[in-house]
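K.L.:
Just add 1 to the spot in the sequence shown (first one is 1) and you have my numbering.
All C-beta atoms, glycine included, are put in the ideal place defined by N, C-alpha and C.
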Amino acid sequence: MTTDLPYLRSYPPSLQDQARHVLGLGQLGAVLLRKYPQPHAVRSDKALYDYATELKSRYLRNAGTVNKVVFDSKIHVVRHALGLHTSVSRVQGNRLAAKHEIRIAAMFKQVPDEFLRMIVVHELAHLREKDHDKAFYQLCEHMEPQYHQYELDVRLYLTHLEHAGERLWAAQ
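1. What's the call for residue 134, buried or exposed, on a 16-neighbour Cβ count within 10 Å?
2. So, is residue 59 buried or exposed, given that buried needs 16 or more other C-beta atoms within 10 angstroms?
3. Got a sec? Which residues, its chain only, sit under 6 angstroms from residue 151 by beta carbon, not counting five neighbours each side?
4. Determine the burial state of residue 156: buried for a count of at least 16 other Cβ atoms within 10 Å of its Cβ, exposed for fewer.
5. Quick check on residue 124: buried or exposed, where buried means 16 or more other Cβ atoms within 10 Å of its Cβ?
6. Hey, quick one: how far does the alpha helix (DSSP H) through residue 30 stretch, first residue to last?
7. Between which two residues does the alpha helix (DSSP H) holding residue 163 run?
8. Three-state secondary structure (DSSP) at residue 145?
9. By the three-class DSSP mapping on this structure, what secondary structure does residue 118 have?
10. Along the chain, where does the alpha helix (DSSP H) that runs through residue 54 open and close?
11. List the endpoints of the continuous alpha helix (DSSP H) containing residue 19.
12. Compare the beta carbon distance of residue 159 and residue 37 with 8 angstroms and say whether it is the shorter of the two.
13. With burial defined as no fewer than 16 other Cβ atoms inside 10 Å of the residue's Cβ, what is the status of residue 131: buried or exposed?
14. If I measure Cβ to Cβ from residue 44 and keep anything under 8 angstroms in the same chain, skipping five residues before and after, which residues do I get?
15. From 11, 167, 52, pick the residue whose C-alpha is nearest to that of residue 121; which is it?
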């Protein structure tokens, strides 16, 4: 029987086989903990807003203003994304104003900084690029050169959670 790896479906079969092997040995969590021993220090919505705003001001100065950035306990990773970017347009006088919000799944309150950064970078990139196309991923890599590695590792962590059921950084 082959273990289904829904978070890794878009990756090459050889990588999926490696993940299945490490998962079968019960070592995926240990591998991730060795690579990322510490969780990030962002614990509140205000700290998350400051974190995202700093990244935005460094890389996307001319993009729209982010009005809200929060950890959201209603986002369920299995059914939805890791985070959500929403834009609400309103008419104000004779102009159109957009309100941008970023919501990060609350389970990412206790993960390594690299994972949080990848998710925030992904959501910030939607300020400029709406679609997940080449330009979108180039912008993600501009903001975080290790973007694709961190995305893979987040997907491996989600795979670990699905199969082992234990959060790795929650108790630290």
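P.N.:
Based on what the coordinates show:
1. Taking the sequence shown and counting its residues from 1, the one referred to as residue 134 is at position 133. Exposed, because fewer than 16 other Cβ atoms sit within 10 Å of the Cβ of residue 134.
2. By one-based count along the sequence shown, residue 59 stands at place 58. That one is exposed.
3. Start at 1 with the first residue of the sequence shown, and residue 151 comes out as number 150. Apart from sequence neighbours up to five positions away, the residues of its chain that approach residue 151 with a beta-carbon distance below 6 angstroms are 115, 119, ordered along the chain.
4. In the sequence shown, residue 156 corresponds to position 155, counting from 1. Residue 156 is buried by the Cβ-count criterion.
5. By 1-based counting over the sequence shown, the position of residue 124 is 123. It is buried - the Cβ of residue 124 has at least 16 other Cβ atoms within 10 Å.
6. For the purposes of this step, residue 30 is taken as residue 29 along the sequence shown, with counting starting at 1. Taken as a continuous stretch (DSSP letters only), the alpha helix (DSSP H) holding residue 30 covers 29-36.
7. Residue mapping note: residue 163 aligns to position 162 of the sequence shown, counting from 1. Taken as a continuous stretch (DSSP letters only), the alpha helix (DSSP H) holding residue 163 covers 148-165.
8. Within the sequence shown, numbered from 1, the residue matching residue 145 stands at position 144. In the three-state reduction of the DSSP assignment, residue 145 falls in the coil class, being assigned neither a helical nor a strand state.
9. By 1-based counting over the sequence shown, the position of residue 118 is 117. In the structure shown, residue 118 sits in a helix (DSSP, three-state: H, G or I).
10. Position 53 of the sequence shown, counted from the start, is the residue given in the question as residue 54. From DSSP, the alpha helix (DSSP H) with residue 54 extends over 46-60.
11. On the sequence shown, residue 19 is found 18 positions in, with the first residue counted as 1. First-last of the alpha helix (DSSP H) with residue 19: 14-25.
12. On the sequence shown, position 158 is the one that residue 159 refers to. On the sequence shown, position 36 is the one that residue 37 refers to. For residue 159 and residue 37, no; Cβs fall outside 8 angstroms.
13. Here residue 131 corresponds to residue number 130 of the sequence shown, with the count starting at 1. Looking at its Cβ environment, which holds fewer than 16 other Cβ atoms inside 10 Å, residue 131 is exposed.
14. Taking the sequence shown and counting its residues from 1, the one referred to as residue 44 is at position 43. If we look at residue 44 and ignore the five residues flanking it on each side, its Cβ neighbours are 110.
15. As a working mapping, residue 121 is identified with position 120 in the sequence shown. A check of alpha carbon separations from residue 121 across 11, 167, 52 identifies 52 as the nearest.
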